[in-house]
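Notes follow once the structure below has been shown.
Number of protein chains: 2
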Amino acid sequence: MNPLTAHTEIASFTPYPIHHHPVRIQLGQESLTVVWDHGHQSEYHYLWLRDNCHCAECVSSLTREQVFEICDVPLTIKPLNAYISDDHRIIIEWDYAQHTSQFHPGWLLSHCYSDVALQEKKWLPEIWDKARISDELPSTCCDSIMQNDAQLLTWLRELRDYGLALVTNVDTSPNSLIKVANRISFIRETNFGTIFNVEAKADANSTAYTDLRLPLHTDLPTRELQPGLQFLHCLVNDATGGESILVDGFKIADYMRENHPQEFHSLSTIPMSFYNKDKNSDYRCRGTAIVTDSNAEVVEVRLANFLRGPIDVPSHQTMALYTAYRCFIQLTREAKFQFFHRLNAGDLIVFDNRRVLHARNAFDLKTGMRHLQGCYIDRDELLSRIRVLERNTIIDQ
Amino acid sequence: MNPLTAHTEIASFTPYPIHHHPVRIQLGQESLTVVWDHGHQSEYHYLWLRDNCHCAECVSSLTREQVFEICDVPLTIKPLNAYISDDHRIIIEWDYAQHTSQFHPGWLLSHCYSDVALQEKKWLPEIWDKARISDELPSTCCDSIMQNDAQLLTWLRELRDYGLALVTNVDTSPNSLIKVANRISFIRETNFGTIFNVEAKADANSTAYTDLRLPLHTDLPTRELQPGLQFLHCLVNDATGGESILVDGFKIADYMRENHPQEFHSLSTIPMSFYNKDKNSDYRCRGTAIVTDSNAEVVEVRLANFLRGPIDVPSHQTMALYTAYRCFIQLTREAKFQFFHRLNAGDLIVFDNRRVLHARNAFDLKTGMRHLQGCYIDRDELLSRIRVLERNTIIDQ
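Those protein sequence lines, which keep their order, are chains W and E. Here the first sequence is numbered in our numbering, starting from 20 and rising by one per residue. Here the second sequence is numbered in our numbering, starting from 20 and rising by one per residue.
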């Protein structure tokens with residue numbers, strides 16, 4: 020094993036295997052160009068390099084956090100000298116404060132921020148309609164993800180990419196869900212509790228707790244951060260009706276962007292309000308139904324007709340918003356997008372609540388019981404868990 | 020009492036007192052204009068009015084959630100007839116499905132979305148520098164907020180507006196903080212637990228848990244939703260040093276927008292990455308250090324030098340981002356913005372972690388103990404609590 024592979028000098032739990040070596044460096048006006056042995060070129064700004072010095076003076080070896088602050092060196096900091104060492108590191112002696120930095124080739128290449136590199140690192144969701152998810156629905160049995168980290172990782176990656184995955188053979192005793200959820204993380208609490216029971220109740224404070232049809236929606240659009248993952252674990256389902264319907268909101272948004280660009284624009288720029296008033300809570304959130312990031316990629320859908328508050332945008336935007344909203348809802352009602360699934364006792368369905376809209380047909384309580392338990396875990400926790408599991412997987416390779 | 024005041028027909032816990040009556044209505048092409056007795060004019064689109072029908076057919080009286088869906092009526096829906104009733108409601112008979120809607124004047128006026136009305140409803144923060152907060156720091160003793168809802172409401176509104184407030188005379192036994200926090204809501208759990216202990220530890224996984232200086236930062240910028248309120252309760256503080264330093268991030272952002280517009284633009288549009296790697300977690304978040312809403316108002320600041328990951332934006336943005344970041348940090352270091360406060364045993368400081376940057380001077384463990392307990396509650400829960408408390412206050416008036 021190359022002594023650099025373990026890479027302990029970088030205050031990180033992530034290993035950075037060395038796949039390529041730097042063969043040539045070139046000092047520019049404000050950046051260093053590195054040519055790698057596979058022909059790739061990276062350009063690193065001097066400030067960036069100084070900022071990412073991993074020496075014991077710059078990064079605390081105890082907390083792995085940076086102690087150095089980039090504000091404390093001149094904006095024009097430059098190398099006095101730079102070279103590739105015998106063990107393939109890049110060494111830079113700075114023109115300020117007599118500081119020297121060393122860069123590990125595995126770390127450096129994996130942090131290249133060239134356009135090509137940024138493009139390659141981009142995560143792309145597996146977007147689906149009814150036909151695709153019917154063929155490809157990720158599914159696993161409970162034992163395998165409870166007992167095997169590699170199988171858990173595979174399932175979590177599928178859940179991240181499709182935004183939807185099934186677990187079968189989950190113990191049907193109440194609160195079994197907690198053990199499964201804790202394989203990822205702690206659970207996100209809300210005013211509906213840590214675990215919520217989806218069954219018809221006399222004093223229902225949400226349509227979820229009746230036997231009525233629930234139209235397609237995301238849960239808790241009334242919160243600034245809608246819950247990321249939603250877990251629905253079926254303990255009993257003897258009633259007629261009550262099928263789950265799932266629609267990939269990213270698919271609807273993509274379709275809309277292509278076929279109804281004006282409505283897409285309205286729905287991703289004009290905010291709606293969502294309200295949920297109860298005896299002891301009064302949640303309100305204002306946000307767009309389609310959320311895009313700085314690259315104009317759709318990253319979130321926020322929608323529940325039964326939780327909408329009155330539209331409160333300037334008068335000239337009102338009709339545009341209604342038109343766009345109706346367009347979105349009408350698309351979600353099309354059969355080609357709707358995946359039907361009847362949950363049976365022992366099934367656990369998990370989906371990205373900020374992407375996949377879910378609905379429930381009405382059910383008939385006279386024909387039998389129906390009892391689901393649910394909980395939420397945020398995207399942050401899912402992604403953190405995947406990264407931690409990947410550390411070990413990479414080491415095992 | 021006017022029978023309309025209680026306003027039970029509107030599925031809401033919020034009372035809508037009637038301050039004004041409609042005196043005249045006018046049917047336009049796609050909207051209804053209402054002239055009120057104080058001269059104000061409101062324009063309500065027909066779709067908006069149909070959408071906000073509160074009759075028992077449209078809104079479930081059990082869950083107070085809308086059953087009707089606006090997609091199920093034509094986009095061109097219009098009144099067949101509209102009038103003001105003897106008890107000052109506006110009655111509309113629709114040209115579709117023989118439906119009639121009634122609008123309570125108190126509800127209708129308070130939901131007016133004219134430009135003037137939207138402007139009046141806008142929340143404005145109380146932005147501060149050192150001089151202002153030294154004069155105006157909101158402060159209360161623990162008993163008053165634990166025992167009196169009106170005093171709790173006053174304090175919570177101040178906390179919302181200033182983003183910073185003090186509670187004195189809090190019981191110094193461990194976990195007393197939980198009782199105070201629960202006066203607002205449940206606590207937000209993170210990978211650091213529900214309650215975290217800020218004291219020097221041998222195996223610190225964060226600079227917070229050492230005796231080192233902590234530069235100005237927000238907590239958990241590594242999470243998509245940074246925690247809203249941060250609570251820091253001082254149990255013991257006998258050590259020399261360790262003063263808390265607080266800076267209003269909104270003030271810095273405003274100052275930057277005015278004096279360094281290019282840097283403000285860069286920092287509010289080019290994302291940075293924040294990382295926090297631990298043995299069992301690996302959190303990463305990419306977001307701008309200054310967050311603005313759709314009205315270009317600053318709504319959030321995200322910043323911790325010691326949690327920054329390598330900058331990973333296209334090469335042509337790298338220097339702009341560094342320049343802007345340095346500008347922000349240098350401003351936060353100016354004395355005129357920094358409020359110093361030494362926490363004494365029994366003090367509890369609460370601040371909006373998405374707005375107010377906090378820092379700590381190094382302290383000297385040899386001179387005595389220092390032990391704080393902390394927790395988080397999100398903005399959603401603060402605002403919900405304020406609204407619930409306001410319901411009762413309005414009724415009491």
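No residue lacks a Cβ here, since even glycine has one placed at the ideal position from N, Cα and C. Computed from a prediction, not measured in an experiment: that's the story for all the values here.
Judged by DSSP secondary structure, E:V317 falls within the beta strand (DSSP E) whose first and last residues are 317–320. Using a Cβ-Cβ cut-off of 8 Å, E:C77 does not count as an interface residue toward chain W, since no Cβ of chain W sits closer than that to its own. Less than 8 Å separates the beta-carbon of W:V92 from that of W:R69. For E:P41, the beta-bridge partners assigned by DSSP are E:W55. Ranked by how close their Cα comes to the Cα of E:Q48, the residues E:S163, E:A227, E:L362, E:Y63 have E:Y63 in first place. Taking the CA atoms as reference points, W:V320 sits about 19 Å from W:T209. Under the three-state reduction of DSSP, W:H118 is assigned to coil, being neither helix nor strand.
Fully enclosed alpha helix (DSSP H) runs of no fewer than 4 residues occupy 149–155, 161–166, 168–181, 195–200 of the stretch 137–218 of chain E, in order along the chain. Look at E:S313 here: in three-state DSSP terms it is coil, with no helix or strand label.
Close partners of W:A378 in chain E (Cβ separation under 9 Å) are lacking, with about 12 Å as the shortest Cβ gap. In this structure W:K140 is exposed. Its beta-carbon is surrounded by fewer than 16 other beta-carbon atoms within 10 angstroms.
When C-beta distances to chain E are compared with 7 Å, the residues of the stretch 45–67 of chain W below that value are E49, E62, H64, L66, W67, in chain order. Within a 10 Å sphere around the beta-carbon of E:R361 sit fewer than 16 other beta-carbons, which makes this residue exposed. Between W:S120 and E:S334, the gap from beta carbon to beta carbon reaches 8 Å or more.
Going by C-alpha positions, W:G212 is about 26 Å away from W:I405. Excluding the 5 residues flanking it on each side, E:E155 has same chain C-beta neighbours closer than 8 Å at E145, W147, Y181, in chain order.
Contact note: E:F250 does not reach chain W at a C-beta cutoff of 8 Å; the least C-beta distance is about 16 Å.
If the five residues before and after W:V318 are omitted, its C-beta is found closer than 6 Å to the C-beta atoms of V310, D312, all from its own chain and listed in chain order.
If you look at E:E282, you'll find it in the alpha helix (DSSP H) that goes 280–288. Of the candidates E:K355, E:L244, E:R207, E:F205, the residue whose Cα lies closest to the Cα of E:Y274 is E:K355.
Interface criterion not met: the Cβ of E:C72 is under 8 Å from no Cβ in chain W. DSSP lists E:W113 as the bridge partner or partners of E:P98. Shortest Cα-Cα distance from E:T33 to any of W:S300, W:D190, W:L384 involves W:S300. Closer than 8 Å to the CB of W:C253 there is not a single CB belonging to chain E. Burial state of E:M388 is exposed, judged by a 10 Å Cβ sphere holding fewer than 16 other Cβ atoms. Contact of E:C394 with chain W by beta-carbon distance below 8 Å is absent, the smallest such distance being about 12 Å.
Excluding five sequence positions before and after W:A116, the CB atoms of its chain that fall closer than 8 Å to its own CB belong to V92, given in chain order.
The alpha-carbon separation between E:H40 and E:D56 amounts to approximately 6 Å. At a C-beta separation below 7 Å, W:L326 has these neighbours in chain E: E84. Pairing E:H284 with W:D190, the inter-Cα distance amounts to about 53 Å. Closer than 8 Å to the CB of W:M338 there is at least one CB belonging to chain E. DSSP, reduced to helix, strand and coil, places W:C72 outside both helices and strands of the structure shown, so it counts as coil. By the 16-neighbour rule on beta-carbons within 10 angstroms, W:E76 is exposed.
The stretch 241–260 of chain W makes contact with the stretch 365–376 of chain W; the number of CB pairs closer than 8 Å reaches 3 or more. CA-to-CA, the gap between W:C161 and W:R176 works out to about 16 Å. Contact with chain E is absent for W:T173, since none of that chain's Cβ atoms lies less than 8 Å from the residue's Cβ.
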